[in-house]
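Those sequence lines, one after another, are chains C and P.
To convert, note that position 480 of the first sequence is 480 in our numbering; the numbers rise steadily by one, no gaps.
To convert, note that position 6 of the second sequence is 1006 in our numbering; the numbers rise steadily by one, no gaps.
All C-beta atoms, glycine included, are put in the ideal place defined by N, C-alpha and C.
The structure under discussion appears below in the form of structure tokens.
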Amino acid sequence: MKPKNGGRTSTVTSRGRREWEETTLRPGLGKKPERKKEFTTVSSLPIERLYSAEDLKGWDPGARLGFPGEPPFTRGIHPTMYRGRLWTMRQFAGFGSAEDTNRRFHYLLEHGQTGLSVAFDLPTLMGRDSDDPQAEGEVGREGVAIDTLADMEVLFKGIPLDRVSTSMTINAPAAVILAMYLAVAEKQGAALEQLEGTVQNDILKEYIAQKEWIYPPAPSLRIITDMVAFCASRVPKWNTISISGYHIREAGSTAAQELAFTLADGIGYVQSCVDAGLDVDEFAPRLSFFFNSHNDFFEEVAKLRAARRVWCAVMRDRFHAKSPRSWVLRTHVQTAGCSLTAQQPINNVVRVTLQALAAVLGGTQSLHTNALDETLALPTEDSARIALRTQQIIAEESGVANTVDPLAGSYFVEALTDRMEQEAWDIIRRIDEMGGIVPAIEQGYPQREIAEAAYLYQRQIDSGEKCVVGVNRYTEGDNQKAATLKIGADVEPAQVARLKDVRGSRDQERHSKALKRLEQAARTRENLMPAILDAVRAYASVGEICGVLKTVFGAYREGRVSL
Amino acid sequence: MSPGTEKKVRLLVGKVGLDGHDRGAKIIARALRDAGFEVIYTGLHQTPEMVVATALQEDVDGIGLSLLSGAHNTIFPKILRLLAEKEGSDIVVFGGGIIPEEDISTLKGAGVRQVFTPGASTQEVVDWVRANVPPRRR
Chain C
1 MKPKNGGRTS TVTSRGRREW EETTLRPGLG KKPERKKEFT TVSSLPIERL
51 YSAEDLKGWD PGARLGFPGE PPFTRGIHPT MYRGRLWTMR QFAGFGSAED
101 TNRRFHYLLE HGQTGLSVAF DLPTLMGRDS DDPQAEGEVG REGVAIDTLA
151 DMEVLFKGIP LDRVSTSMTI NAPAAVILAM YLAVAEKQGA ALEQLEGTVQ
201 NDILKEYIAQ KEWIYPPAPS LRIITDMVAF CASRVPKWNT ISISGYHIRE
251 AGSTAAQELA FTLADGIGYV QSCVDAGLDV DEFAPRLSFF FNSHNDFFEE
301 VAKLRAARRV WCAVMRDRFH AKSPRSWVLR THVQTAGCSL TAQQPINNVV
351 RVTLQALAAV LGGTQSLHTN ALDETLALPT EDSARIALRT QQIIAEESGV
401 ANTVDPLAGS YFVEALTDRM EQEAWDIIRR IDEMGGIVPA IEQGYPQREI
451 AEAAYLYQRQ IDSGEKCVVG VNRYTEGDNQ KAATLKIGAD VEPAQVARLK
501 DVRGSRDQER HSKALKRLEQ AARTRENLMP AILDAVRAYA SVGEICGVLK
551 TVFGAYREGR VSL
Chain P
1001 MSPGTEKKVR LLVGKVGLDG HDRGAKIIAR ALRDAGFEVI YTGLHQTPEM
1051 VVATALQEDV DGIGLSLLSG AHNTIFPKIL RLLAEKEGSD IVVFGGGIIP
1101 EEDISTLKGA GVRQVFTPGA STQEVVDWVR ANVPPRRR
């Protein structure tokens, strides 16, 4: 982070710094050397001893920072930020059957949570029904099992969908799950125009990091552009894609890679919608982001500030969006699951607190704080409550929400923000040279970079170069026990039985007609959403609908994975 | 039994089920390879049948499975059963991932030889494999 145009600074400043180095620093170092030869972030970015005005030479606060609510949005997307409204405290929940999760939702709402966030089980995430042979042992384990509209009706029972905002973490089958949500809302008598929420719907990061795919990239992007177009006209408040760095980071990337690959995915979606003939200002304001917050406090703050600045430039200068609403990067943040330790699990509360604080000082719009036991199993009610209370303490006791972007102007934070931005642009340029994010994925570029970073980090932990308290340092006294949530063995057979009931009792003719119509739509350029909605209303299952689309679009297979 | 001195120990590192979390599996596969073992990585979304077929076809000495999906109590026993049916019960099966303590003893009782939990170092895994996975008599 050395100044690039050295020598042009005011003589007073540079002499001051040099004098300090001569008269104060050097004797100090002689008496007491530094703890390490090199200081780096958790992502191995080198950090200097001291940041001063020289590190921000030629740095123009008007251009680099602006004011909150104004381009380039470094200081935040709202003029008053958390003085006006706190971030949304949105804890992800879902397990077992729809009834189990519905009960947890009511519990969280009663305890002051302000938005719902649904976790689905793996079979649902992969577009498979609970009775699919591949689903054996996985039904309801990591999230709630949803097969048909009947399950979705139970999931949101007693929750007026026009009065909550709901985030659904679903990607490959997102169109089906969104259609089910809309169908439940219709049955409740809610107007689609009033619905607020998000589907993750970010398939590109699935190929890169999380690996929950169904179809190849091209038809997947077609489904996504269909959803974007449908929502722009029918469900205008819905966030259609949550462009996610979270999983990229969890897969082992550095902070800068997380930032760059996520923004490159975003560019891929915008390009694909523009290519499909949509007006950028009609859909761009409904795109949102989802970042990770890992252990390295300032690196995370800088990452989020840089993300807003890069996205503003991308939307304004690359895609020529006219509305400032299209330039804004709104984001959700989740603390880093991969940073939690099974050893001395109560220490995780402290990690989560620091990570959450970084997200808040980075200006997030909503936040999920992980529970202390999430490296062992899904959270219990008690641990989920502590995680929520952590956010409430940051929001209402610590005072950090009293002013907008309190770290702005810090030599270090601004220099690090510039560095993150530069790293992001470098990687984005490289991806552009490959022809965009889809060719880059097909060549395995982000996948390789991430695996490499993950392996390096693991070796740094194994060698003790990077400290993980309770794992490779301060390991004595590991007698803390966390209670873990148990998913009953009865969930799977009960869910399979319920699906069988629905299959037996639905209007068979309506069902097969709807699936036939869906297949026809898939073979043309017709928007798929109305046909998916019809199929869902006819109680077609997630597996049946994705199965029909798979016959038309084919299935994705990962290329050879080189170690 | 150190690799290189006699017959190299062959290992299959596998991801079974729908779980796509392959960070750990890839790190372990690479660490074992760097430690001198012959390592085959199955890639994602394998069924127990596919893993057992690959293990026998590739004539491996050990199978390491990474599971973060909560399906370990179903998948491990199924693989052990299939191995037994196909005369592969001398293949050492071990694993790791998000596996609660109380499930580990059950899995070990069923024949899983070792279960590594989050925080285990790659060196621990390498050392354990060196000490516990002999080449099969072929």
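>> Using only the alpha-carbon positions, how far apart do Ala497 (chain C) and Ile241 (chain C) sit?
In response: If you draw a straight line from the Cα of Ala497 (chain C) to the Cα of Ile241 (chain C), it comes to about 33 angstroms.
> When the Cα atoms are used, what is the spatial distance from Tyr457 (chain C) to Leu1107 (chain P)?
Replying inline: Taking C-alpha positions only, Tyr457 (chain C) is separated from Leu1107 (chain P) by approximately 30 angstroms.
>> Cβ closer than 8 angstroms: which chain C residues qualify as neighbours of Pro1100 (chain P)?
In response: Leu376, Ala377, Thr484
>> Among the candidates C:Gly94, C:Leu29, C:Gly16, whose CA atom is the shortest distance from the CA of Leu485 (chain C)?
In response: C:Gly94
> What does DSSP give as the partner residues of Thr169 (chain C) in its beta bridges?
Replying inline: C:Ala119
>> So if DSSP puts Pro46 (chain C) in a beta bridge, which residue, or which two residues, is it bridged to?
In response: For Pro46 (chain C), the pairing in a beta bridge is given by DSSP as C:Thr40.
> How would you label Asp121 (chain C), buried or exposed, when you count the other beta carbons within 10 angstroms and need 16 or more for buried?
Replying inline: Looking at its Cβ environment, which holds 16 or more other Cβ atoms inside 10 Å, Asp121 (chain C) is buried.
>> Please report whether the beta-carbon of Tyr51 (chain C) lies at a distance below 7 angstroms from any beta-carbon of chain P.
In response: no
>> Quick check on Ala1084 (chain P): buried or exposed, where buried means 16 or more other Cβ atoms within 10 Å of its Cβ?
In response: exposed
> How big is the Cα-Cα spacing for Pro3 (chain C) and Val413 (chain C)?
Replying inline: Any reading at Pro3 (chain C) needs caution, since the residue's pLDDT is 47, under 50, leaving its predicted position unreliable; the model's value is listed next. Each residue's Cα considered, the two are about 15 angstroms apart.
>> Which runs of the alpha helix (DSSP H) at least 4 residues long sit entirely within the stretch 28 to 104 of chain C? Give them in chain order.
In response: For the stretch 28 to 104 of chain C, the full-length alpha helix (DSSP H) segments reaching 4 residues or more read 61 to 64 along the chain.
> Using a Cβ cut-off of 7 angstroms, which residues of the stretch 1013 to 1032 of chain P contact any Cβ in chain C, in chain order?
Replying inline: Gly1017, Leu1018, Asp1019, Gly1020, Asp1022, Arg1023, Lys1026, Ile1027, Ala1029, Arg1030
>> Less than 7 angstroms between the C-beta atoms of Thr114 (chain C) and Val542 (chain C), yes or no?
In response: no
> Helix, strand or coil for Ser1105 (chain P) per DSSP?
Replying inline: Shown here, Ser1105 (chain P) sits in a helix according to DSSP, grouped into three states.
>> Which of the three DSSP states is assigned to Leu361 (chain C) in this structure?
In response: Leu361 (chain C) falls in the helix class under three-state DSSP.
> Is there at least one Cβ from chain C nearer than 7 angstroms to Leu1107 (chain P)'s Cβ?
Replying inline: no
>> For Glu449 (chain C), tell me which candidate among C:Leu161, C:Ile208, C:Ala540, C:Arg75 has the shortest Cα-Cα distance.
In response: C:Ile208
>> Going by DSSP, what residue range makes up the alpha helix (DSSP H) through Gln1114 (chain P)?
In response: Counting along the chain, Gln1114 (chain P) falls outside any alpha helix (DSSP H), though it belongs to the beta strand (DSSP E) covering 1114 to 1116.
> Among the residues of its own chain, which have a CB less than 6 angstroms from the CB of Phe1094 (chain P), if the five just before and after it don't count?
Replying inline: Result list for Phe1094 (chain P): Gly1064, Arg1113, Gln1114, in chain order.
> Exposed or buried, which one is Ile545 (chain C) when buried takes at least 16 other CB atoms within 10 Å?
Replying inline: It counts as buried.
> What residue range is occupied by the uninterrupted beta strand (DSSP E) comprising Glu212 (chain C)?
Replying inline: No beta strand (DSSP E) contains Glu212 (chain C), which DSSP labels as neither H nor E.
> In angstroms, rounded to a whole number, what distance separates the CA positions of Leu263 (chain C) and His294 (chain C)?
Replying inline: Our two residues, Leu263 (chain C) and His294 (chain C), have alpha carbons roughly 18 angstroms apart in a direct line.
> Can you give the beta carbon distance from Ala538 (chain C) to Arg506 (chain C), rounded, assuming they're within the 8 angstroms contact cut?
Replying inline: 7 angstroms
>> Strictly under 7 angstroms for the Cβ-Cβ distance: is Gln355 (chain C) near chain P by that measure?
In response: no
> What is the C-beta distance between Arg1010 (chain P) and Glu1049 (chain P), in whole angstroms, given that I count them as a contact (C-beta under 8 angstroms)?
Replying inline: Taking the Cβ atoms as the reference, Arg1010 (chain P) lies roughly 20 angstroms from Glu1049 (chain P), outside the contact range of under 8 angstroms.
> Assuming Phe297 (chain C) and Leu354 (chain C) make a contact with CB atoms under 8 angstroms, what is their CB distance in whole Å?
Replying inline: 6 angstroms
> CB-CB under 6 angstroms to Gly547 (chain C), same chain, minus the five flanking residues each way: which ones, in chain order?
Replying inline: Within the same chain, and ignoring the five residues on either side of Gly547 (chain C) in sequence, no residue has its Cβ closer than 6 angstroms to its Cβ.
>> I'd like to know if Pro1118 (chain P) contacts chain C, where contact means its C-beta is closer than 7 angstroms to some C-beta of that chain.
In response: Yes, its Cβ sits closer than 7 angstroms to a Cβ of chain C.
> Buried or exposed: where does Ala483 (chain C) fall if 16 or more other Cβ atoms within 10 Å of its Cβ makes it buried?
Replying inline: exposed
> Which residues mark the beginning and the end of the beta strand (DSSP E) in which Leu1011 (chain P) is found?
Replying inline: 1010 to 1015
>> Tell me the DSSP secondary structure of Asp1127 (chain P) in three-state form.
In response: helix
> In chain P, which residues lie with their C-beta within 7 angstroms of the C-beta of Tyr455 (chain C)?
Replying inline: By Cβ distance, chain P contributes Ile1027, Arg1030.
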